[in-house]
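A.B. asks: Following this message is one structure expressed as structure tokens.
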Amino acid sequence: MPVLVQYEVSPPDPERFITAGKKFIPLIQKEGGKVIGAFRLENDPSRFTWLEEWESHDVMHNATEKHGDEFNREAGTEGVEWVTKVWTQAL
């Protein structure tokens, strides 16, 4: 079942986060994810949400296990709290 995954984070260094995000988009795509984009909260530009579409929660989870720690190191988000929401298609 396809899922939309929404990650929310406030990285300490937003530009480092954006740079890492650009680097990791091809890796996400290689693992089967479709990156919809990263967005900044209009009234708090230190807050980001990142949206991806995956064929299943399991496929997303496997990719996160494979690349998540490396992304956090490069993005400067190690130890930073992420909020992850997994949405299933309703229509």
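With my numbering, the residue at position 65 of the sequence shown is 472, and numbering never jumps. By construction, the Cβ of each residue, glycine as well, lies at the ideal position given by its N, Cα and C atoms.
Is Val416 helix, strand or coil by DSSP?
C.D. replies: Residue state, collapsed to three classes: strand.
A.B. asks: For Val490, which residues does DSSP report across the bridge?
C.D. replies: The partner list for Val490 (beta bridge, DSSP) reads Glu415.
A.B. asks: For the alpha helix (DSSP H) containing Thr426, list its first residue and its last residue.
C.D. replies: Its alpha helix (DSSP H) spans residues 421–437.
A.B. asks: Looking at C-beta atoms only, is the number of pairs between the region 480–495 and the region 436–455 that lie closer than 8 Å three or more?
C.D. replies: Too few Cβ pairs lie closer than 8 Å, so no.
A.B. asks: From the DSSP output, in three-state form, read off Ala445 for me.
C.D. replies: Note: Ala445 maps to strand in three-state DSSP.
A.B. asks: Ile425: which of Glu449, Val493, Thr495, Gly483 sits nearest, CA to CA?
C.D. replies: Of Glu449, Val493, Thr495, Gly483, the residue nearest in Cα terms is Gly483.
A.B. asks: In chain order, what residues of the same chain have a beta carbon less than 8 Å from the beta carbon of Gln436, not counting five sequence neighbours either side?
C.D. replies: Taken in chain order, the residues that qualify are Val442.
A.B. asks: Would you call the region 450–466 in contact with the region 409–421, where contact means no fewer than 3 C-beta pairs closer than 8 Å?
C.D. replies: Segments in contact, yes.
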